[in-house]
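Encoded as structure tokens, the structure appears first; notes follow it.
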Amino acid sequence: MNLLRTEFRKIFPYRTFWIILAVYVLLLLLILYTSSSIVINNKALGDETFQFPGLWKRLTYVAHFFNLLLGILVIVLVTDEYSFRTIRQQVIDGLSRAEVVLAKFYVVLALAVFSTVFLLMLGFYFGFVYSSDKSFQAMFSQIDYLPYYFVQAVAYMTLAMLFAFIVRKSGLAIIAFIAYTKIVEPIIHYNLPDQIDKYFPMKALDSLTPMPGQDLFGQLTSPIEQLSPAMATLPSLVYTGLFLLLTYGILKLRDL
Amino acid sequence: MAIVLSIDNLSKKYGSLKAVDNLSLQVEEGSIYGLLGPNGSGKTTTLGMVLDVIRPTGGNFSWFGNGINKATKQRVGAILETPNFYPYLTAKRNLQIIADTKGADHSNIAKMLDLVGLGTRSNTMFKGFSLGMKQRLALAAAMLNDPEVLVLDEPTNGLDPQGIAEVRDLILRIADQGKTIILASHLLDEVEKVCTHVAVLRTGKLVTNGPVGTILSAQEQLIVSAEELAPVLQLLERLPYITRFAREKDYVVVTLQEGYSSTDLNRDMFAQGIVLSQLVARRKSLEKQFLEIIKS
Chain A
0 MNLLRTEFRK IFPYRTFWII LAVYVLLLLL ILYTSSSIVI NNKALGDETF QFPGLWKRLT
60 YVAHFFNLLL GILVIVLVTD EYSFRTIRQQ VIDGLSRAEV VLAKFYVVLA LAVFSTVFLL
120 MLGFYFGFVY SSDKSFQAMF SQIDYLPYYF VQAVAYMTLA MLFAFIVRKS GLAIIAFIAY
180 TKIVEPIIHY NLPDQIDKYF PMKALDSLTP MPGQDLFGQL TSPIEQLSPA MATLPSLVYT
240 GLFLLLTYGI LKLRDL
Chain B
0 MAIVLSIDNL SKKYGSLKAV DNLSLQVEEG SIYGLLGPNG SGKTTTLGMV LDVIRPTGGN
60 FSWFGNGINK ATKQRVGAIL ETPNFYPYLT AKRNLQIIAD TKGADHSNIA KMLDLVGLGT
120 RSNTMFKGFS LGMKQRLALA AAMLNDPEVL VLDEPTNGLD PQGIAEVRDL ILRIADQGKT
180 IILASHLLDE VEKVCTHVAV LRTGKLVTNG PVGTILSAQE QLIVSAEELA PVLQLLERLP
240 YITRFAREKD YVVVTLQEGY SSTDLNRDMF AQGIVLSQLV ARRKSLEKQF LEIIKS
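Top to bottom, those sequences are chains A and B.
Everything in the first sequence is counted per numbering that gives the first Met the number 0, starting at 0 for the first residue and increasing by one.
Everything in the second sequence is counted per numbering that gives the first Met the number 0, starting at 0 for the first residue and increasing by one.
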């Protein structure tokens with residue numbers, strides 16, 4: 000935990016960190032606020048969207064798009080250590096390579112805790128304002144989407160961390176990260192049957208926050224085979240571990 | 000004397016380029032050990048390897064008889080190449096991070112900032128520092144947990160004459176406390192002024208090493224003058240340890256064989272009843288010696 004305290008010493012006075020985090024918070028608020036005030040057929044969409052307990056599924060689905068910002072934030076924090084050459088200095092001063100990876104993983108965990116707690120507060124706020132059913136049962140029956148979201152955010156940011164340690168330059172790392180998650184893997188999915196590609200990293204991670212109303216959607220078109228959030232948890236955790244090991248391996252093999 | 004750092008056949012290859020080639024040397028406790036060589040001779044690569052940031056291709060090294068680990072790292076304070084800090088953090092906050100990593104007492108921070116003359120700038124952001132201030136902050140960082148060994152890579156690089164003098168003075172003051180200092184430099188003058196021992200590197204190979212006195216000043220030239228030069232010249236002909244001498248306008252330039260000094264010459268002159276009016280020892284230009292060493 001001392002590692003995390005030291006990371007906080009670096010991060011808290013860092014303006015770039017707060018700007019990216021503020022963009023994340025504001026965009027998420029904006030999209031939720033906008034969607035609540037859209038009126039369709041004389042009915043405010045907010046009344047639909049923010050009903051307990053379905054709210055948690057919709058909220059985490061919306062939030063999962065913004066993981067990209069968290070990933071970029073992690074990439075910036077890691078590549079900074081290379082451009083300032085402070086990673087070198089810290090290893091000289093006493094950190095092992097495992098501790099270097101661990102320190103950044105703690106930051107990933109802290110960010111995931113932050114975003115999950117933020118979603119919890121958003122959920123309660125919008126739920127209390129719009130939901131007609133405010134019973135204990137309704138509020139908490141589907142709150143397990145939050146821990147799923149947490150697992151997803153951690154895995155996603157750990158992948159971003161891996162890209163940052165491989166590429167070492169912020170711009171290139173961000174491009175590589177987006178290219179892999181949004182282009183390369185989807186192309187691979189396209190060429191493989193669902194039974195296999197549902198276990199691929201991005202697809203398994205996305206399964207943790209399934210699209211609301213997908214069952215209905217699947218009946219209209221061809222059904223998409225994907226893991227349930229509960230089934231996707233273990234593969235996601237395994238991937239997180241794998242990303243960490245790869246990061247460590249890269250640090251171990253390369254000069255700093 | 001205990002051996003602080005022992006390097007045994009250390010090598011680093013980048014493709015076909017041998018940055019460091021079978022380097023072996025030992026640094027004794029309490030010495031100021033200079034790694035001297037032109038740019039690209041492998042000084043920084045060598046230090047990078049013993050500091051755990053560059054993987055050696057071959058060979059071994061040990062600190063205090065052990066491999067490099069957290070415990071040995073805490074006994075060594077080091078700066079490699081440029082001062083490396085977070086530009087957006089103040090001097091104090093940067094040192095807090097380093098104190099965390101080194102397990103140093105945070106009360107040392109103010110003390111060290113004062114020592115390097117940055118006490119009044121502790122709340123200035125690193126990016127606002129001049130190069131000299133950055134170098135001094137790096138020295139403060141390296142000394143933060145009062146290590147037994149300091150490793151400094153070109154500590155006066157880019158400093159103005161006053162800054163150079165300050166840093167050298169600081170190094171000598173630290174060495175006076177009995178600490179071992181390993182100093183990489185391409186400046187002969189610096190190594191000669193500061194170090195007790197020197198290893199000369201060229202294209203990754205060790206050219207020569209030993210105490211500074213024997214490596215860098217093997218030959219002395221003497222300038223001799225007297226009221227009457229004729230008897231002086233006659234005697235110089237006969238003295239066995241004179242390598243050569245040449246008469247200039249009103250003085251004679253004499254080169255002695257190794258192992259002899261101006262004292263010997265003075266004594267022999269006096270014994271023959273010749274009183275010298277001037278006897279000055281002049282070292283052969285260090286630059287010339289250095290170039291000879293790295294060419295041979």
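Yeah, the Cβ is synthetic: ideal placement off N, Cα and C, and Gly gets one too.
Are the Cβ atoms of residue i and residue j separated by less than 8 Å?
i       : j       : result
L236(A) : A152(A) : no
R14(A)  : L250(A) : no
L226(A) : K181(A) : no
V99(A)  : M160(A) : no
V26(B)  : T179(B) : yes
L2(A)   : L101(A) : yes
V251(B) : Q220(B) : no
L234(B) : F244(B) : no
R167(A) : Y247(A) : no
M124(B) : P154(B) : no
R172(B) : I222(B) : no
L29(A)  : V61(A)  : no
L4(B)   : I181(B) : yes
L27(A)  : F65(A)  : yes
L24(B)  : L205(B) : yes
G58(B)  : S10(B)  : yes
L187(B) : L35(B)  : yes
L79(B)  : G102(B) : no
I96(B)  : K103(A) : no
Regarding residue i and the ligand ADP, is the C-beta to nearest heavy atom distance less than 7 Å?
i       : result
S184(B) : Only the bare structure without any ligand can be found here, which leaves the ligand ADP out of the picture.
To the nearest angstrom, how far is the alpha carbon of residue i from that of residue j?
i       : j       : result
F149(A) : G122(A) : 15 Å
L264(B) : R237(B) : 12 Å
I284(A) : L171(A) : Any answer about residue 284(A) is impossible in this case: the structure gives chain A only from 0 up to 255.
I195(A) : M230(A) : 14 Å
P82(B)  : K126(B) : 11 Å
S121(B) : P146(B) : 22 Å
R253(A) : R54(B)  : 7 Å
K56(A)  : G126(A) : 13 Å
N119(A) : L145(A) : Note that residue 119(A) is Leu in the sequence shown here, rather than Asn. C-alpha separation (whole angstroms): 7 Å.
T232(A) : Y155(A) : 13 Å
T5(A)   : L94(B)  : 11 Å
V231(B) : D267(B) : 11 Å
I18(A)  : F11(A)  : 11 Å
A198(B) : K192(B) : 15 Å
I113(B) : K69(B)  : Reading off the sequence, residue 113(B) comes out as Asp, not Ile. The straight-line gap from Cα to Cα measures roughly 27 Å.
M201(A) : T239(A) : 12 Å
R167(B) : V190(B) : 10 Å
V49(B)  : I67(B)  : 8 Å
K72(B)  : D99(B)  : 14 Å
I2(B)   : I170(B) : 20 Å
Should residue i be labelled buried (16 or more other beta-carbon atoms within 10 Å of its own) or exposed?
i       : result
T213(B) : exposed
Q64(B)  : This sequence places Gly at residue 64(B); Gln is not what is there. Exposed, since its Cβ has fewer than 16 Cβ neighbours within 10 Å.
R92(B)  : buried
T33(A)  : exposed
W62(B)  : buried
F176(A) : buried
P239(B) : exposed
S260(B) : exposed
V297(A) : Nothing can be reported for residue 297(A), as the shown portion of chain A is limited to 0 through 255.
R135(B) : buried
V274(B) : exposed
D143(A) : exposed
I174(A) : exposed
G209(B) : exposed
D51(B)  : buried
Measure how close the beta-carbons of residue i and residue j come, nearest whole angstrom, since I'm counting them as under 8 Å.
i       : j       : result
S206(A) : P185(A) : No, S206(A) and P185(A) are not in contact; Cβ-Cβ is about 14 Å, not under 8 Å.
K42(B)  : L228(B) : Not quite, the Cβ-Cβ distance comes to about 47 Å (not below 8 Å), so this is no contact.
L138(B) : V115(B) : 5 Å
T157(A) : V107(A) : 6 Å
T44(B)  : A18(B)  : 4 Å
N38(B)  : N21(B)  : About 21 Å; that fails the 8 Å criterion.
Using DSSP's beta-bridge definition, name the partner residues of residue i.
i       : result
N208(B) : A198(B)
Y13(B)  : L16(B)
Q25(B)  : S5(B)
L221(B) : V253(B), A280(B)
W62(B)  : L4(B), N65(B)
T179(B) : V148(B)
I78(B)  : L151(B)
I165(A) : For I165(A), which the question treats as bridged, DSSP gives no partner whatsoever.
For residue i, which residues in chain D fall below 7 Å Cβ to Cβ?
i      : result
V90(A) : The chain labelled as chain D is not found among the protein chains of the depicted structure, namely A and B.
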